[in-house]
Amino acid sequence: MTPTGASPQRRRRRGGLRPLAGYRVIDITYGWAGPICGALLADMGAEVIKIESNARLDTCRFLPPFNGPGPNRGGQFNTYNRGKKSCTINLKAPPGIALARRLIASADVVVENFAPRVMPGLGLGYDVLRTLNPDLVMASLSGFGATGPYRDYVAFGLPLQAFLGLVHLTGYAGGPPVNVGTPIPDIVGGTTGALMIVAALRHRRRTGEGQFIDVSQCEAMGAFFAGPYLDYALNGREGQRRGNRDDAMAPHGVYRCADPEGWCAVAVAGDQEFAALCRVIGRPELVDDARFADQPSRWRHQDELEPIIEAWTRQRSKREVFLALQAAGVAAGPVHHIPDLLADPHLKQRGTFIQDSHPEIGPNPMLGPFWRLQSTPGRVERPAPLLGEHNGYVFQELLGLAPEEQQRLEASQVLW
Numbered sequence: 021m022t023p024t025g026a027s028p029q030r031r032r033r034r035g036g037l038r039p040l041a042g043y044r045v046i047d048i049t050y051g052w053a054g055p056i057c058g059a060l061l062a063d064m065g066a067e068v069i070k071i072e073s074n075a076r077l078d079t080c081r082f083l084p085p086f087n088g089p090g091p092n093r094g095g096q097f098n099t100y101n102r103g104k105k106s107c108t109i110n111l112k113a114p115p116g117i118a119l120a121r122r123l124i125a126s127a128d129v130v131v132e133n134f135a136p137r138v139m140p141g142l143g144l145g146y147d148v149l150r151t152l153n154p155d156l157v158m159a160s161l162s163g164f165g166a167t168g169p170y171r172d173y174v175a176f177g178l179p180l181q182a183f184l185g186l187v188h189l190t191g192y193a194g195g196p197p198v199n200v201g202t203p204i205p206d207i208v209g210g211t212t213g214a215l216m217i218v219a220a221l222r223h224r225r226r227t228g229e230g231q232f233i234d235v236s237q238c239e240a241m242g243a244f245f246a247g248p249y250l251d252y253a254l255n256g257r258e259g260q261r262r263g264n265r266d267d268a269m270a271p272h273g274v275y276r277c278a279d280p281e282g283w284c285a286v287a288v289a290g291d292q293e294f295a296a297l298c299r300v301i302g303r304p305e306l307v308d309d310a311r312f313a314d315q316p317s318r319w320r321h322q323d324e325l326e327p328i329i330e331a332w333t334r335q336r337s338k339r340e341v342f343l344a345l346q347a348a349g350v351a352a353g354p355v356h357h358i359p360d361l362l363a364d365p366h367l368k369q370r371g372t373f374i375q376d377s378h379p380e381i382g383p384n385p386m387l388g389p390f391w392r393l394q395s396t397p398g399r400v401e402r403p404a405p406l407l408g409e410h411n412g413y414v415f416q417e418l419l420g421l422a423p424e425e426q427q428r429l430e431a432s433q434v435l436w
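Counting in this note's numbering, the sequence shown runs from 21 upward without gaps.
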C-alpha cells in the first residue's frame, strides 16, 4: 500500500487515455539524457516527480538559452523537463534520504543518470530500493554503463562520441575529427531508457517482477552506428572521413543554392533515382555517360558529377530544389535554419512545434511529442515545473507530512 492509500495498479486503472497514465516515476536526473527520458514518460501520461535541491540543482537549469536570470528560465531545462512535477529534497541530508525512500516506495519507476557509484553511495541503490518496493523498475542511464573499468568515468556528449568513433568519421577527408554538433549519446540514451522502461513495465505486468535497467549512453549510440563496425569485422576496412559523401550512394552531398546561405542535400540511392535527377536538372544524357552509368561508376566519379548538379542548384532557391527533386522521387532536403523550421507548412500541419505558457517566462515554444498514437496520443500536460513547485503535493498529500513538519524540514534545509 502506498502513502496515498492506492497501489500503483489501482492508480493505473484510474488513469486516462495516455498509455502510461497511472504510473508514477521518480526522476532523479540532470543534464540531458535522464531528463529526456523522464519527459518522454510524462508525454505518455506518467506522473513524473523530479527530485532536486538547492544543494545540487539540475545543471540543465544553467544551460542557454535563457529568458532572464534565475533557475526557472533556462530554455533547455524547460524543454526536457516539461510535464513533470518538482519537489526539493536535499539528498546530502539523512532525513532527505529517508523521505526520498518513502516517495520511491509509492512509485513504479525510478530513473537516474549519475555515475553508477552515486545512487548506492546515497543509500538509494537498487538493492536497497527493491526491499522497499519489490516490483520497482529502476533505470540507470550512465555514460559507460553500470559495469566495467570505465563505469565511473565522467561522460558528456563530445567525449562519448569521440570514444565510440563517431567523431573519427565526421569531417572532411584530410581534415581533423569534428564534433557532430549535438550530444547524440544523451538523446539516444534518454530515448532508449524510456523504451526499456516501457518494456520492463510490460514484463512486470506479466510476471509481477521489477528489475534494474542498465543503459550505457555510449553503447546505445553504438547500436545506431553498426555499419563501420561490420565493415571492419567482415572486410578489414576502417571507415574514413568523407565529408557529406556516403560509402555507397552517389551523388550524395549538400549543394549551394541561389538564396543567401541556401543549401540543399541530395542523396541518390540507385539508377532509377539518378535518371530522375538527370531529367529534373535538364541533363538526361548523363544516364548514358559511362562515368555515371551505374552506382559504382558514379561513386568513383563524384568529383566530376557534383559540379554538374551544383550548376543547376545555384540557379534556384533551396526550397525550389527540394520540391522539384522530391516531385521526381529523388531524396532531397533543404538545409533549414530555425526560422525555416518554424515556418515549414508540413511541420505546422502536423503540429510538430507546440507552445506552452510557463509561469515565469510566458509563451515557451518547443518540439512536442514526436509520435502519433491514434488511440492514446501523447501530449505535454504542463510546462516544466518551478523549483519545488509541487512540494505541498508531494510532502503533504503523498507522504502525509503535516504543514508544520514540512516547514520545519524546510527551515533545516532538508527540503531546500
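By construction, the Cβ of each residue, glycine as well, lies at the ideal position given by its N, Cα and C atoms.
If you count every other CB in all the chains shown that lies within 10 Å of the CB of T79, and 16 or more means buried, which is it? T79 is exposed by the Cβ-count criterion.
What did DSSP end up calling G201 once you bin it into helix, strand or coil? Looking at G201 - three-state DSSP - the assignment turns out to be coil, as it is neither helix nor strand.
Exposure label - T49; buried when at least 16 CB within 10 Å: By the neighbour-count rule (16 or more Cβ atoms within 10 Å), T49 is buried.
Excluding the five sequence neighbours on either side, which residues of its own chain have a C-beta within less than 8 Å of the C-beta of G54, listed in chain order? Excluding sequence neighbours, G54 sits near D47, I48, V131, E132, N133, L161, G210 and G213.
Over the uninterrupted beta strand (DSSP E) stretch that includes A285, give me the two end residues. Segment W283 to A287, the beta strand (DSSP E) holding A285.
Does the beta-carbon of Y100 have 16 or more other beta-carbons within 10 angstroms, so that it is buried, or is it exposed? Looking at its Cβ environment, which holds 16 or more other Cβ atoms inside 10 Å, Y100 is buried.
Where in the stretch 120-154 do unbroken runs of the beta strand (DSSP E), each at least 3 residues long, occur, reported from the N-terminal end onward? Secondary structure in the stretch 120-154: the beta strand (DSSP E) runs of 3 residues or longer, each lying completely within the stretch, are 129-132 in chain order.
For A296, which residues in the same chain have their Cβ closer than 6 Å to its Cβ, ignoring the five residues on either side in sequence? The answer, listed in chain order, is A348, G349 and V350.
Measure the Cβ-Cβ separation of A75 and K112 and say whether it is below 8 Å. Cβ atoms of A75 and K112: closer than 8 Å.
Ignore the nearest five residues each way along the sequence and tell me which others in Q322's own chain have a CB closer than 7 Å to its CB. So the qualifying residues of the chain are R265, A270 and P271.
Buried/exposed call for V434, threshold 16 Cβ in 10 Å: Buried.
Between the stretch 234-250 and the stretch 177-197, do three or more beta carbon pairs fall short of 8 Å? Contact holds: three or more Cβ-Cβ distances are below 8 Å.
Look up K338 in the DSSP assignment and say whether it is helix, strand or coil. Reduced to three states, the DSSP call for K338 is helix.
Just how far apart, CA to CA, sit L440 and Q96? Nothing can be reported for residue 440: it is not among the residues displayed for the chain, which extend from 21 to 436.
Ordered list of alpha helix (DSSP H) runs contained in the stretch 284-326, each at least 4 residues: If one requires a minimum length of 4 residues, the alpha helix (DSSP H) runs lying completely within the stretch 284-326 are 291-300 and 315-320, in chain order.
In this structure, what does DSSP give as the bridge partners for M383? The residue you asked about is not Met; residue 383 is Pro in the sequence shown. Within the DSSP bridge table, the entry for P383 names S377 as partners.
Relative to the alpha-carbon of E281, which residue among Q369, P354 and H223 has its alpha-carbon at the smallest distance? The shortest CA-to-CA distance from E281 to any of Q369, P354 and H223 is the one to P354.
Start-end ranges of the beta strand (DSSP E) lying completely within the stretch 183-254, minimum 3 residues: Listed in chain order, the complete beta strand (DSSP E) runs (minimum 3 residues) inside the stretch 183-254 are 231-236.
Please list, in chain order, all residues of the same chain as D172 whose beta carbon is under 7 Å from its beta carbon, the five residues on each side excluded. Hits under 7 Å: A135, P136 and R137.
Is it the case that the Cβ atoms of G103 and V400 are separated by a distance below 8 Å? Yes; because the gap between Cβ atoms is below 8 Å, this pair is in contact.
Quick check: the Cα distance between T151 and G165, rounded to an integer number of angstroms? Cα-Cα distance, rounded: 23 Å.
Mind listing, in chain order, the continuous beta strand (DSSP E) runs of no fewer than 3 residues lying wholly within the stretch 53-99? 67-72, all fully within the stretch 53-99.
Quick check on this structure: which residue in V45, G398, S432 and L429 has the alpha carbon closest to the alpha carbon of L221? Of the candidates V45, G398, S432 and L429, the one whose C-alpha sits nearest the C-alpha of L221 is V45.
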